[in-house]
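There are 2 protein chains.
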Amino acid sequence: MFTDDAFRPLDRQECLRLLAKVPVGRVVYTLRALPAVLPVNFTLDTDASVLLRTAPGSELVHAVDGFVVAFEADDFDPVARTGWSVIVTGRASVVTDPADLARLSGTGPASWMPLPDSVLIRIEWELVTGRELLGACSAA
Amino acid sequence: MFTDDAFRPLDRQECLRLLAKVPVGRVVYTLRALPAVLPVNFTLDTDASVLLRTAPGSELVHAVDGFVVAFEADDFDPVARTGWSVIVTGRASVVTDPADLARLSGTGPASWMPLPDSVLIRIEWELVTGRELLGACSAA
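Here the protein sequences come in this chain order: F and X. Per UniProt numbering, the first sequence starts with residue 1, numbered consecutively. Per UniProt numbering, the second sequence starts with residue 1, numbered consecutively.
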């Protein structure tokens, strides 16, 4: 576990910049009353909300649509023992607005595997926390 | 999102082998009725349970001790679009048995930042799912 003084808190802009660097994050939700997590491809929309693409009718869609979820992304260097993590918490919803769907058809998240049919899930950016792990040689 | 036919399910032995290759995973739990997630250093105990080390009295300890949590680790190659993810679900508990504590003092998880005082959390291996992402050029 990482102690508090080993971290530097990240501001919103730093969190956005780092999230843009990684193609995979993890959506954290509740499924049948238990904690659940799933790695997903994602992008950030212009308002900083997180966008996921998933198969229609999937278990994920039913579990998150309308509910508060967490979304986490990170990158750690096991040699240097440095890295960062960002956690976005907010309400998830299926994107239904036709203008949004048209706009995001070309710029939204692409799955690493082609989906013949898909829905977009948006996670609103209500709370974000980010931390940079400073590494063993850094002064606290 | 990854479609089902882009994945190969992993058996228990493969999941164990892969988990042993990465130093950081993510514990997924519930905090104040909301989904929560935290990257953590971990190791696997001989019975395949997941071991985390954390500061005593930390928010994590109070949130997970006695509760079912999920633990996730993964590794993705953004160029090849391949990778794997493993999710362990089980009950978490603080390790209190003196024999276990003595045994794990040398072999248990080491935090990337030294903790002057710490507790060990064990996540029992009750349910494990693992998936290998086959990559865009693989036959389904």
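Glycine included, every Cβ here is placed at the ideal spot set by N, Cα and C.
Asked, Found
"Sheet register partners of W84 of chain F (DSSP bridge)", "F:D75 and F:E132"
"Within chain X, partners of P56 of chain F - CB distance below 9 angstroms", "Those do not exist, as P56 of chain F stays about 11 angstroms from chain X at its closest Cβ, beyond 9 angstroms."
"Proximity below 8 angstroms, CB of A55 of chain F to CB of S118 of chain F", "yes"
"8 angstroms contact criterion, which V28 of chain X and E72 of chain X should meet: CB distance rounded", "6 angstroms"
"C-beta contact flag for residue 160 of chain X and V95 of chain X at 8 angstroms", "Residue 160 of chain X is absent from the structure shown; chain X starts at 1 and stops at 140."
"Same chain only: Cβ atoms within 6 angstroms of E124 of chain F, ignoring 5 sequence neighbours per side", "S49, G90 and R91"
"Reduced DSSP secondary structure (H/G/I, E/B, other) of S93 of chain F", "strand"
"P116 of chain F versus A110 of chain F: straight-line alpha-carbon distance, rounded", "12 angstroms"
"Beta-bridge pairing of P39 of chain X - partner residues as DSSP gives them", "X:R26"
"Those residues which DSSP pairs with V52 of chain F across a bridge", "Per the sequence shown, residue 52 of chain F should be read as Leu rather than Val. DSSP output for L52 of chain F lists F:F42 and F:I121 as bridge partner(s)."
"Collapsed DSSP secondary structure at R8 of chain X in the structure displayed", "strand"
"Proximal residues, the segment 71 to 95 of chain F versus chain X, C-beta separation under 7 angstroms", "E72, D74, F76, P78, R81, S85, I87 and T89"
"First and last residue of the uninterrupted alpha helix (DSSP H) at A33 of chain F", "It is not in any alpha helix (DSSP H) - A33 of chain F carries neither H nor E in the DSSP assignment."
"C-beta contact flag for A6 of chain F and L101 of chain F at 8 angstroms", "no"
"L52 of chain F versus S105 of chain F - alpha carbon distance", "12 angstroms"
"As assigned by DSSP and simplified to three states, the class of A63 of chain X", "helix"
"Assigned exposure category for A36 of chain X - 16 Cβ within 10 Å defines buried", "buried"
"Listed by chain order, chain F residues near R26 of chain X by CB distance under 9 angstroms", "R26, V28, V37, E72, D74 and S85"
"For A70 of chain F, three-class secondary structure by DSSP", "strand"
"For D74 of chain X and L16 of chain F, the rounded distance between their alpha carbons", "22 angstroms"
"P23 of chain F: contacting residues in chain C (beta-carbon distance under 9 angstroms)", "Considering every chain present, this structure includes no chain C. Its protein chains are F and X."
"Cα-Cα separation between D65 of chain F and V88 of chain F, rounded to whole angstroms", "16 angstroms"
"With 16 other Cβ atoms within 10 Å as the buried cut-off, status of G57 of chain X", "exposed"
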